[in-house]
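Reading through the structure tokens given below for one structure.
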Amino acid sequence: MREMQRCRERWLVVVAAGVLVLTAGCDPTLQATVEDGIISLSTSFFGALLRAILELGAEAQEAKGTAAALLADAAGRIFA
1430 MREMQRCRER
1440 WLVVVAAGVL
1450 VLTAGCDPTL
1460 QATVEDGIIS
1470 LSTSFFGALL
1480 RAILELGAEA
1490 QEAKGTAAAL
1500 LADAAGRIFA
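Heads up: the sequence shown begins at 1430 in my numbering, then just goes up one per residue.
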């Protein structure tokens, strides 16, 4: 499981670096726009992921032993 996570992290870094290298010779305005897009995309993605995990945790507190509790446990193991 950890190996998949490391692979995803490496892939994300490679893609972000590739985009920055491809735009290195471009107009500085285009570079700034692409960088801002990458930042806003990653921020919104991680924000949504955090909200989903918090909602799962809240549901798990309300209903112990349900599917929500199992998913919250799984999410805790993935991000631990």
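Even glycine gets a Cβ: it sits at the ideal position worked out from N, Cα and C. Since the structure is predicted, the reported quantities are computational estimates derived from the model, not experimental observations.
The stretch 1477-1492 makes no contact with the stretch 1441-1460, as fewer than three CB pairs between them are under 8 Å. When secondary structure is reduced to three states using DSSP, residue 1436 falls in the helix class.
In the three-state scheme derived from DSSP, where H, G and I count as helix and E and B as strand, residue 1476 is classed as helix. Cβ-Cβ separation between residue 1467 and residue 1487: approximately 31 Å, too far for a contact (criterion under 8 Å). Residue environment: residue 1485 is assigned as buried (16 or more neighbouring CB atoms within 10 Å of its CB, all protein chains considered). Residue 1452 sits in coil when the DSSP states are folded into three classes, being neither helix nor strand. When 1481, 1491, 1471 and 1432 are compared, the shortest CA-CA separation from residue 1441 is found for 1471.
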